[in-house]
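Enquirer: Here it is: the structure, laid out below.
Protein chains in written order, with my numbering: chain A, 1175 to 1554; chain B, 606 to 865.
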């Protein structure tokens, strides 16, 4: 298209049309600069300025650069929080299924089958969601090009790849009861169960390993929150399945523990990112705050229903509430990260607080007096 | 082939934006539209996927050390911002594909033929430099003019800087030059001058920047993070927390199937 328009103008003897914002006439110049490969479909596609969110309870006196963010907000779409949910669901299901198979309790055979199906289905959906979110989906195999232990995303890609393989084999061989094929299926299920443990929570490490204040502030509370949320999601999904009395009891116990832990660790996250106060503002205000609160309310109600005497409608309701709660949690946390990255005051306040918390830091010693003089004079 | 870098002396910057133009032209980057922001002379706003140099303008009601003004107090700070090519780079350490590499010049380089646009580096950069262009799908940032360095040339921005505010060279040599400049400025009556990120000691979070700055006010004023830390440096405690949680989940699963 672009070539055609250039050719047309050339044949008509006109100046070349402005197309890609480079203003290079290909008849006169060669496009081979470092940025020449950058594709331009829409000239104004460069991200617009995001202004800092206005929180009413801001206690920060620090000035900013025209309110512009220091950090870039994440570029992920809804597929990523959706994957956090599905991956957690698959991982926790596989872990419970492996434990159920290992117990060799014949009454849990149905549960084992269900968890294998959920794990394998979850792995396939997870991979699809992740590929969909890539800027260049055709290059998804590059995720397995290297193994980089410093990158939680690289570690997670390998975990998901291994998990997907194991969970698929286990699901295909789920009907085998005896013989070598059953042994292969069980071994694969055990592998999926073990890989399911990191799969359920590495996404929290991935978020904590960023420069986003609200995510990195919850460095140690976020992983257990995501793991317990994964337990909630698996128990809630199984609550929506037909199970026998033994299996229902197993799922109920698993779910009660997961939901209680999830509530506990959401408090822990709030506490951990609570200082300085502005860092946790996205968990209290706006869409992210509403999702975060909704998650707590849904999970608490689901927990209350699980504690009631068992009945079919109560199980169903607990299952739906738990599912909604853990979905709201993942979407809320990801949304909070976006708002947090937009707020330069959160970035500044968190780093200044960490700095003053470690007095042995002599980094600014030489410049501190001058800086102090400069800053005291013009804080608006 | 020693580590190469930039020393950006903001006291020499006159805000001409020749660096922005030279960068766009040499690297053949698309324009970002022509907006009027009203933020002093800054109509660029921030670094991004197709903006690899950005000149910031700060208008303050405070005078600089050796400055005299006719009416009232005031100073206009200008600063040409760029990718810092950190000694410990958050983008590089978080890249799952190995697209981001350290070059023989010590710079951090994104290979466009490998990047699959996962977007993780965007959130991992503590300076908000690297960004994904949505219609291209990949992450882009300053390359320290890798193509020019291979030909023994100076990066386009430094070459075009008319006041030597942007200086390019061997990192060790630049550090010495920068320290001398700060001493000189202090002697001439500008005690607020200091270096930002010039050594691993000055900025342990990134273990030093290959592109460091001479500033005359707090980093926040220039939209620089006061104490940036590469996220990877703190990842161990998150992994430990995850390991503990995973053990807990395994125990819960076994407990749930075993208790009668």
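C-beta atoms are modelled at their ideal positions from N, C-alpha and C, and glycine is treated no differently.
Since the structure is predicted, the reported quantities are computational estimates derived from the model, not experimental observations.
Output the boundary residues of the alpha helix (DSSP H) element that contains residue 1399 of chain A.
Expert: Where residue 1399 of chain A is concerned, the enclosing alpha helix (DSSP H) stretches over 1396–1413.
Enquirer: In this structure, what does DSSP give as the bridge partners for residue 772 of chain B?
Expert: Paired residue(s): B:612.
Enquirer: Note the first and the last residue of the continuous beta strand (DSSP E) segment covering residue 854 of chain B.
Expert: That residue, residue 854 of chain B, is in no beta strand (DSSP E); its alpha helix (DSSP H) goes 840–863.
Enquirer: Taking Cβ positions, are residue 1255 of chain A and residue 1508 of chain A nearer each other than 8 Å?
Expert: It is a contact, given that the beta carbons lie within the stated cut-off.
Enquirer: Please tell me whether, using a cut-off of 7 Å, the distance from the CB of residue 700 of chain B to the nearest non-hydrogen atom of the ligand FAD is below it.
Expert: Absence of the ligand FAD is noted for the structure shown, with no ligands found whatsoever.
Enquirer: Could you check which residue in B:816, B:790, B:813, B:844 has the C-alpha nearest to that of residue 1382 of chain A?
Expert: For residue 1382 of chain A, the nearest C-alpha among the options comes from B:844.
Enquirer: Between which two residues does the alpha helix (DSSP H) carrying residue 664 of chain B extend?
Expert: From DSSP, residue 664 of chain B is part of no alpha helix (DSSP H) but of the beta strand (DSSP E) over 658–665.
Enquirer: Applying a beta-carbon distance threshold of less than 9 Å, which residues of chain B neighbour residue 1207 of chain A?
Expert: Near residue 1207 of chain A (Cβ distances below 9 Å), the residues of chain B are 630, 631, 632, 633, 634, 752.
Enquirer: Rank B:775, B:725, B:856, B:796 by C-alpha distance to the C-alpha of residue 710 of chain B and give the top, closest one.
Expert: Measuring from the Cα of residue 710 of chain B, the nearest candidate turns out to be B:775.
Enquirer: Judging by CA-CA distance, which residue of B:830, B:722, B:707, B:740 is the nearest neighbour of residue 1312 of chain A?
Expert: When each option's Cα is compared against that of residue 1312 of chain A, the closest is B:722.
Enquirer: Which residues, in order along the stretch 1303–1321 of chain A, keep a beta-carbon less than 7 Å from a beta-carbon of chain B?
Expert: Here the close residues are 1308, 1309, 1310, 1313, 1314, 1316, 1317, 1319, 1320.
Enquirer: Under three-state DSSP, which class holds residue 1424 of chain A?
Expert: It is helical.
Enquirer: Tell me the DSSP bridge mates of residue 691 of chain B?
Expert: Residue 691 of chain B is bridged to B:814.
Enquirer: Starting from the beta carbon of residue 1237 of chain A, find every residue of chain B whose beta carbon is closer than 8 Å, and list them in chain order.
Expert: Within 8 Å Cβ-Cβ: 825, 826.
Enquirer: Kindly indicate if chain B contains any beta-carbon less than 8 Å away from that of residue 1270 of chain A.
Expert: True, the Cβ-Cβ gap to chain B drops below 8 Å.
Enquirer: At a Cβ threshold of 8 Å, is residue 854 of chain B touching chain A?
Expert: Output row for residue 854 of chain B: interface = yes.
Enquirer: Look up residue 1389 of chain A in the DSSP assignment and say whether it is helix, strand or coil.
Expert: Helix, per DSSP.
Enquirer: For residue 1548 of chain A, which residues from the same chain have a beta carbon less than 6 Å from its beta carbon, with the 5 sequence-adjacent residues on both sides left out?
Expert: With a pLDDT of 45 at residue 1548 of chain A, under the threshold of 50, the modelled position of that residue is not reliable, and the figure given next carries that caveat. Excluding residues within five positions, none has a Cβ falling inside 6 Å.
Enquirer: Nearest to residue 1174 of chain A by alpha carbon, out of A:1518, A:1436, A:1360?
Expert: Absent from the structure is residue 1174 of chain A, since the part of chain A shown begins at 1175 and ends at 1554.
Enquirer: When the cut-off is 8 Å and only beta carbons count, does residue 770 of chain B lie next to chain A?
Expert: No - not a single Cβ of chain A is within 8 Å of the one on residue 770 of chain B.
Enquirer: Could you pull the start and end residues of the alpha helix (DSSP H) that residue 1507 of chain A belongs to?
Expert: Its alpha helix (DSSP H) spans residues 1486–1516.
Enquirer: Taking buried to mean at least 16 other C-beta atoms within 10 Å of its own C-beta, is residue 1250 of chain A buried or exposed?
Expert: Under this definition residue 1250 of chain A is a buried residue.
Enquirer: Going by DSSP in three states, residue 744 of chain B sits in which element: helix, strand or coil?
Expert: Of the three classes helix, strand and coil, the one that applies to residue 744 of chain B here is strand, per DSSP.
Enquirer: Distance check for residue 1437 of chain A and residue 1235 of chain A, CA to CA, integer angstroms please.
Expert: Any reading at residue 1235 of chain A needs caution, since the residue's pLDDT is 42, under 50, leaving its predicted position unreliable; the model's value is listed next. In a straight line, the C-alpha of residue 1235 of chain A is about 33 Å away from that of residue 1437 of chain A.
Enquirer: Just to confirm before moving on: does the CB-CB distance between residue 826 of chain B and residue 811 of chain B stay below 8 Å?
Expert: Not a contact, by the Cβ cut-off of 8 Å.
Enquirer: Can you give me the Cβ contacts of residue 1512 of chain A inside the same chain, cut-off strictly under 7 Å, excluding the 5 residues immediately before and after it?
Expert: The answer, listed in chain order, is 1247, 1248.
Enquirer: So, for residue 1298 of chain A: in the same chain, excluding its five sequence neighbours on each side, which residues have a beta-carbon less than 6 Å away from its beta-carbon?
Expert: Result list for residue 1298 of chain A: empty, nothing under 6 Å.
Enquirer: Going straight from the alpha carbon of residue 1310 of chain A to that of residue 705 of chain B, what length do you get?
Expert: Computed Cα separation, rounded: 16 Å.
Enquirer: Let me make sure I understand the geometry here. Which of B:864, B:850, B:656 has the alpha-carbon closest to that of residue 738 of chain B?
Expert: Of the candidates B:864, B:850, B:656, the one whose C-alpha sits nearest the C-alpha of residue 738 of chain B is B:656.
Enquirer: Helix, strand or coil, according to DSSP, for residue 1317 of chain A in the structure here?
Expert: Of the three classes helix, strand and coil, the one that applies to residue 1317 of chain A here is helix, per DSSP.
Enquirer: Assuming residue 1327 of chain A and residue 725 of chain B are in contact, meaning their beta carbons sit under 8 Å apart, how far apart are those beta carbons, in whole angstroms?
Expert: Rounded, the Cβ-Cβ distance is 5 Å, consistent with contact.
Enquirer: Do you know offhand how far residue 1526 of chain A's Cα is from residue 1243 of chain A's?
Expert: Rounded to whole angstroms, residue 1526 of chain A to residue 1243 of chain A spans 16 Å at the Cα level.
Enquirer: For residue 651 of chain B, which of B:746, B:618, B:740, B:695 has the nearest alpha-carbon?
Expert: Minimum Cα distance to residue 651 of chain B is reached at B:746.
Enquirer: To which residues of the same chain is residue 689 of chain B closer than 8 Å at the C-beta, ignoring the five residues directly before and after it?
Expert: Cβ neighbours of residue 689 of chain B beyond the five flanking positions: 732, 734, 802, 811, 814, 815, 816, 817.
Enquirer: Using a cut-off of 7 Å between C-beta atoms, extract the partners of residue 1424 of chain A located in chain B.
Expert: Going along chain B in sequence order, the residues near residue 1424 of chain A (Cβ under 7 Å) are 861, 862.
Enquirer: Examine chain B for any beta-carbon lying closer than 8 Å to the beta-carbon of residue 1257 of chain A, and answer yes or no.
Expert: Output row for residue 1257 of chain A: interface = no.
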